[in-house]
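Chains as they are written, first to last, in our numbering: chain V, 1 to 336; chain U, 337 to 672; chain H, 673 to 1008; chain S, 1009 to 1344.
Notes for the one structure printed next.
There are 4 protein chains.
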Amino acid sequence: MIIVMRSGASAGQVAHVVSRVEGMGYKVHLSQGEERTIIGVVGDDRPIDRSQFEALDGVEKTVPILRPFKLASRDFKAQDTVVSLDGVKVGGEAIVVMAGPCAVESRSQLLETAMAVKEAGATVLRGGAFKPRTSPYSFQGLGEPGLEILAEARALTGLPVVTEVMSPEQVPLVARFADVLQIGARNMQNYALLHAAGESGHPVLLKRGMMSTIEELLMSAEYILSHGNQRIMLCERGIRTFEKYTRNTTDINAIPVIKQMSHLPVVLDPSHGTGKWEYVAAVARAGVAAGCDGLLIEVHPRPDEAMSDGAQSLKPERFAALVAEVRKVAEAVGRH
Amino acid sequence: MIIVMRSGASAGQVAHVVSRVEGMGYKVHLSQGEERTIIGVVGDDRPIDRSQFEALDGVEKTVPILRPFKLASRDFKAQDTVVSLDGVKVGGEAIVVMAGPCAVESRSQLLETAMAVKEAGATVLRGGAFKPRTSPYSFQGLGEPGLEILAEARALTGLPVVTEVMSPEQVPLVARFADVLQIGARNMQNYALLHAAGESGHPVLLKRGMMSTIEELLMSAEYILSHGNQRIMLCERGIRTFEKYTRNTTDINAIPVIKQMSHLPVVLDPSHGTGKWEYVAAVARAGVAAGCDGLLIEVHPRPDEAMSDGAQSLKPERFAALVAEVRKVAEAVGRH
Amino acid sequence: MIIVMRSGASAGQVAHVVSRVEGMGYKVHLSQGEERTIIGVVGDDRPIDRSQFEALDGVEKTVPILRPFKLASRDFKAQDTVVSLDGVKVGGEAIVVMAGPCAVESRSQLLETAMAVKEAGATVLRGGAFKPRTSPYSFQGLGEPGLEILAEARALTGLPVVTEVMSPEQVPLVARFADVLQIGARNMQNYALLHAAGESGHPVLLKRGMMSTIEELLMSAEYILSHGNQRIMLCERGIRTFEKYTRNTTDINAIPVIKQMSHLPVVLDPSHGTGKWEYVAAVARAGVAAGCDGLLIEVHPRPDEAMSDGAQSLKPERFAALVAEVRKVAEAVGRH
Amino acid sequence: MIIVMRSGASAGQVAHVVSRVEGMGYKVHLSQGEERTIIGVVGDDRPIDRSQFEALDGVEKTVPILRPFKLASRDFKAQDTVVSLDGVKVGGEAIVVMAGPCAVESRSQLLETAMAVKEAGATVLRGGAFKPRTSPYSFQGLGEPGLEILAEARALTGLPVVTEVMSPEQVPLVARFADVLQIGARNMQNYALLHAAGESGHPVLLKRGMMSTIEELLMSAEYILSHGNQRIMLCERGIRTFEKYTRNTTDINAIPVIKQMSHLPVVLDPSHGTGKWEYVAAVARAGVAAGCDGLLIEVHPRPDEAMSDGAQSLKPERFAALVAEVRKVAEAVGRH
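Written as structure tokens, this is what we have:
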């Protein structure tokens, strides 16, 4: 951390800041500039609350130097983490395609979709049993019966299953039925849930909050990692901006940025990233070209009957076309 | 809801949409424009997922007409809701000032602050025992011992206490010690927590998510209201924008907007809204001038020793000056 | 500026950066941390493009220490700048109310409005002759005849006139008719226009771009100041965010921030800041409570016939009520 | 347009709105819902200012139905527009790569870069002679001598040249030297400049404002089109969001959205879209995979000596590698 003093800060104010830093066990590096004095804190100062120093007289601002995450960082672990889901490897050479409906609506809907996405080339099945909805009047998911249907589809198709978990006390239940615990965008900073997912040791698909920075996403992963659970896949699913023609803005930059900063695999969700099925294939191709390790795509046999997210769900035949397109792009960038 | 057909949509596509709407029990109002056909859905269509219709062939977009919230709306309840906290009324003529430290750090720190803010004119005490922190390496709050200290401060000063609750299973515990359950910005769409808070019947201070629209805030209130709990105070605490000189951007517009649309009282948190103590008083005055019902302000006897949010915490004497300033503005707008 | 080296940067890379900095005539302050080496640049490094250094091998990032503006800063000029408009002082003790229609539509409309706002207490008249419109099919203003009408209103009422100028070659024309050159939000970074306004020596009302930071606003003022023209009023008019219930989000924080950082006066435009007349009075009161030096308010005798911005225009009687409310708040904060 | 009346609007208020609409020569389509009355305006109502109606008593809001652009729309012109630059076709099957330095700094720098990018596969040369800079203290470009150097490079390499024009009076000068007039992000809504560029008939590269919606970009194109100039290329160059690890957020969604809505070609600028050279290749590949028609890339022989944008400039050898990668992706999506 760098502490920048105000222009005109007194020698006493500088000395007081220095003694505070030293009193915490850090060394100080003092730099007298022409307009500002700067105090460098030497050592791993991540545990210090920078805000304290901003409250001291004569301090203009503080600037962090170290990134706040450790375990999630490439500095800590240089080689790529590969998460294995019953043999399906996320983070290796192959692009993993996870597909299925937004919500499990019925046994027949899910089984039909599961078989269709498998045939089209998906290797993981998605589907929500617990649904976070903006409105209390919207369909909230089937709950535990939905989980049982997912388990049946898993048995039928052999596809590992990813499904959302919404509260800490649901973790054991969901972990019993599913291969991957999905933590949704709205819960990215639900710390009680992150702790529970970390303790479970179960693979986690952690979605970026729609207005969370990449750094905050990595800090949420750090919560899970700090419990010894390294089986984490990060998911870019679009962020909230001022643009109105799409539901969210897919942050394509996030893919190379995360790959550079972290060893964890990155999955792109172009369905939420765009919010309209017409744009899903283009953005899925873009994600693979940019270097993502997997795709998460909403598929519904009859989108116009979907109880949620119909506008962004692909019909199975369109999904099959998307997989074929994505395959070509994957090969063009040396993946498959 | 209005369903806008694409230019060039066929008669068959229009007929199909109409039959789908009618099949759901709604009447249809058809309008043939020069460039677009528009299908109006007559009736309370809030429970329908609009996304379904956007997946139908020939549909360009759908437009909601009704606001999605009901119980939170002034249409539903015209007169202001007043939430009574052990005699302190939030939403009445008087501006309620809630103050205290970001986090309960020790018995002496809290009791000292509690007495100081009471003397300066605060009528509710704030302080966090459970703290949501971006980093797993930061101070996470004292937990239950923190709640006990709050209860002691309450007994000592007579001030009702507001403190954060972070997960559904903490609700009974926190409700036993505190007068108001605070739901933090990161948890505004933690639906399991909203349900639990709703069922508790306890007063709730619901903070707007830093990434949430006013409509989403009202929808989260709707979750609590749908359990029959009307004792809700909404809190504007700044939103995330591109501006970097302040921690958040206080959405001052939200105050008149919420007062117009909803009957629930509105509290402003200028400490988080700005992130710097130098700006807190100016924005507190602005909030009262704009019509808020209360203020939530961070006060710490020694901000430079605060374990969190030191930069935005006021010293007790500065807080006392703020209360005096706010009082004059309150009188200028006919409050006290 | 601070240059942060990557973890693992070689001694040669550090030496190369140091020699580059020294080659530019600056001194270097080297700090070897545990995880990172930091190179401090001593001296006024504002003219250097930091981006160069980020292109050097081994550099992780650069961090500016000095604020990039100089002439606009309180460090440069401690006392408040007061801009005098034919006797009306902006930046002094009195709050200046500038009011009038969005656009000059006709002689009768403008003269009627001018007399009404004067009677209600406005001391400056606003009105657009050149209108920047998103659509080429919208009313673009009356042009020079509009300026003549403004001059007539000025003669009739004695109110100084503020009106927008949209391109460098219009500056002499507009300066001949108006007391203040308004530079609109969309042109805040139209540097050719800023240069022309600077050279004119005429008072300038510089509106913040709807997605510009406060720092960028001050840098645009710096362009004008660098021509020796200090007669600048900064105008906060709302920024673009994700919130949809209002046209823009009034950045109320910007008022105390600018007053702290700069000596220039600040005017608030609650009409654009909210986009709806119902919210204008509340936000106008808030602005005065927060410390602004003036208000810019759209008034139209018949908003439902306005050729632009009808939804955010006040009728004269509502404007008169607003002025009365604002007066009380001004007195509550020691202004008048 | 749809006009939504407030719940409780009186019959008289409805009748008044209806008569106003009819008085403007439009037909009305009235729909009496259970909670709201809706008034549909039949006909091309793009020229009406919707804001007028929002000012009428009893009106809650208005909703546009028609998109505000016409000439830029696929409804108006179904087939793709191809802009020919001295034989180089933008918008056809081939992906056009435009490359060169941010700014022309010297004759030798530009000629060296021009030959390098040509050899690597670029077919258009970029380079700025007039530079819009946030700070008046930064390098502002060489001006006319820079244009002369560009013309020399053009003669030497045969590459058409794109360069920025910053004000209406510069248009004839720049058009004399350059093949394409670039309108920069900060000037996207500089209407005087759009008019001048439209009148010139010269090819235009119109960059999206960092704060502008896709709709606003298309409306700015509409200004140019309304002068009969169809030789427009739209450029996505990243938008401003809350994310801090990159300079801007590349809106990859914008590519399929614009291709669907408009016939104009789309160019992606991954240099500004990311702001860091390490991420440029990944995002360039993504753009091509998503369907863009061209790329605009900053290349500098010695980025660490660049007078601007060094951090996002590629060295020639890295640029050559990028072109090879992009070529493979282009073939994977059926382009070349």
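Glycine is no exception: its CB is placed at the ideal position from the N, C-alpha and C atoms.
Note that this is a predicted model, so its numbers are computed, not measured.
For residue i, would you say it is in contact with chain V, using Cβ-to-Cβ distances shorter than 8 Å as the test?
| i | result |
| --- | --- |
| tyrosine 362/U | no |
| glycine 359/U | no |
| aspartate 515/U | no |
| arginine 708/H | yes |
Pull up the CB-CB distance for residue i and residue j, whole angstroms please, since I reckon it's below 8 Å.
| i | j | result |
| --- | --- | --- |
| valine 1188/S | proline 1168/S | 7 Å |
| methionine 882/H | glycine 900/H | Wrong, their Cβ atoms sit about 29 Å apart, outside the cutoff. |
| alanine 983/H | isoleucine 924/H | With a Cβ gap of about 21 Å, alanine 983/H and isoleucine 924/H do not count as contacting. |
| glutamine 1060/S | glutamate 989/H | Actually they do not touch by this definition, with Cβ atoms about 19 Å apart. |
| methionine 24/V | glutamine 13/V | The Cβ separation is near 18 Å, so there is no contact. |
| histidine 1271/S | aspartate 1088/S | 6 Å |
Can you list, in chain order, the residues of its chain whose CB lies under 6 Å from that of residue i, leaving out five sequence neighbours each side?
| i | result |
| --- | --- |
| alanine 401/V | Since the first residue of chain V shown is 1 and the last is 336, residue 401/V is not available in this structure. |
| alanine 823/H | Phe849 |
| lysine 803/H | Ala775, Gln812, Gly813 |
| isoleucine 821/H | Val776, Arg779, Leu782 |
| histidine 538/U | Ala511, Leu517 |
Would a check of beta-carbon distances place residue i closer than 8 Å to chain S?
| i | result |
| --- | --- |
| isoleucine 338/U | yes |
| glycine 545/U | no |
Between the Cα of residue i and those of the options, spot the shortest distance and give me the residue it belongs to.
| i | options | result |
| --- | --- | --- |
| proline 1176/S | Gln1197/S, Ile1157/S, Glu1156/S, Leu1158/S | Gln1197/S |
| valine 603/U | Ser355/U, Glu551/U, Ile375/U, Lys425/U | Lys425/U |
| valine 204/V | Leu234/V, Ser135/V, Asp293/V, Thr241/V | Leu234/V |
| histidine 144/V | Asp80/V, Phe319/V, Val165/V, Ala321/V | Looking at the sequence itself, residue 144/V is glutamate, so the reference to histidine does not match. Here the closest residue by C-alpha is Val165/V. |
| glycine 122/V | Arg154/V, Tyr137/V, Leu142/V | As written in the sequence, residue 122/V is alanine, which differs from the glycine given in the question. Residue Arg154/V is the option with its Cα nearest to alanine 122/V. |
| threonine 62/V | Leu631/U, Ala656/U, Tyr581/U | Tyr581/U |
| serine 1208/S | Ser1081/S, Ala1017/S, Arg1239/S, Thr1045/S | Arg1239/S |
| arginine 722/H | Asp1088/S, Gly1095/S, Glu1042/S, Ser1316/S | Ser1316/S |
| arginine 919/H | Leu702/H, Ala792/H, Ser943/H, Gly763/H | Ser943/H |
CB residue i to CB residue j, shorter than 8 Å?
| i | j | result |
| --- | --- | --- |
| valine 162/V | methionine 98/V | yes |
| methionine 1227/S | phenylalanine 1084/S | no |
| valine 1112/S | glycine 1136/S | yes |
| threonine 493/U | lysine 543/U | no |
| leucine 757/H | valine 796/H | yes |
| threonine 256/V | alanine 1328/S | Correcting the residue identity first, residue 256/V is proline in this sequence and not threonine. Cβ distance not < 8 Å, so proline 256/V and alanine 1328/S don't count as in contact. |
| tyrosine 895/H | proline 1311/S | no |
Establish whether the CB of residue i and some CB of chain H are separated by less than 8 Å.
| i | result |
| --- | --- |
| glutamate 614/U | yes |
| isoleucine 214/V | no |
Does residue i come within less than 8 Å of chain U when only Cβ atoms are used?
| i | result |
| --- | --- |
| aspartate 345/V | An answer regarding residue 345/V cannot be provided, because it is not within the stretch 1 to 336 covered by chain V. |
| glycine 1246/S | no |
Leaving out the 5 sequence neighbours to the left and right, which residues in its chain are closer than 7 Å to residue i when beta-carbon positions are compared?
| i | result |
| --- | --- |
| threonine 113/V | Gly100, Pro101, Val299, His300, Pro301 |
| alanine 926/H | Ile886, Glu908 |
| isoleucine 737/H | Met673, Ile674 |
| lysine 1035/S | Val1050, Gly1051 |
| valine 1001/H | Arg957, Val960, Ala961 |
| serine 562/U | Leu407, Gly534 |
Starting from the C-beta of residue i, find all residues in its chain whose C-beta is less than 8 Å away, skip the five residues before and the five after it, and write them out in chain order.
| i | result |
| --- | --- |
| alanine 1004/H | Ala961 |
| valine 689/H | Ile675, Met677, Ile711, Phe725, Leu728, Gly730, Val731 |
| arginine 671/U | Glu429, Ala430, Ile431, Val624 |
| threonine 249/V | Gly238, Ile239, Arg240, Thr241, Glu243, Gly273 |
| arginine 382/U | Leu402, Pro404, Lys406 |
| aspartate 974/S | The question about residue 974/S has no answer here: the residues shown for chain S are numbered 1009 through 1344. |
Can you tell me whether residue i sits near the ligand ATP, meaning its C-beta is under 7 Å from at least one heavy atom of the ligand?
| i | result |
| --- | --- |
| leucine 1093/S | Among the ligands in the structure shown, none appear at all, so the ligand ATP cannot be discussed. |
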